[in-house]
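Down below is the structure, laid out as structure tokens.
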Amino acid sequence: MSNREGFTGGFIAGAAVGGLVGAVLGTVLSRRAAETLLSDPSEAKTRKIRQRKASQLEADSMEVARLSLEDKIAQLNQAIDDVRLQLGDVNGNAQTHNSEGSIAQDS
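Here the sequence shown is numbered in the working numbering, starting from 147 and rising by one per residue.
Encoded structure:
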């Protein structure tokens, strides 16, 4: 029962402090939002242009990264094919490429 003695007072104090913090935070954020909406229209246009340029640069960098990865994958595939051919020669299973580009085993 001793835990319940301070519950009501703590609950009311917490609600009051939380309400005060919420009110101050709401006031500050609403002022910032109002200033942004009422700001100079040219600033808004400039901000939109900057956002478009940033998104275009991001898209370009993603395309460059994609192309780079495709090149690396092609290099890895070539290296894997070379190692397969070398291991085939070592094991006595020499393989050659036939005219259709697939690997065929020599007899």
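Positions of the beta carbon are idealized from the N, C-alpha and C atoms, including for glycine.
Sequence-distant residues of the same chain with beta carbon closer than 6 Å to residue i, five excluded per side
i           : result
residue 151 : none
Terminal residues of the alpha helix (DSSP H) in which residue i lies
i           : result
residue 261 : It is not possible to answer for residue 261, since the shown part of the chain is limited to 147 through 253.
Nonlocal neighbours in the same chain, by C-beta distance under 8 Å from residue i, ignoring five residues either side
i           : result
residue 160 : none
Cutoff 7 Å; reference residue i; Cβ partners in own chain excluding five residues on either side
i           : result
residue 177 : none
Exposure label - residue i; buried when at least 16 CB within 10 Å
i           : result
residue 245 : Bear in mind that a pLDDT of 49 at residue 245, under 50, signals an unreliable position, so the model cannot answer this.
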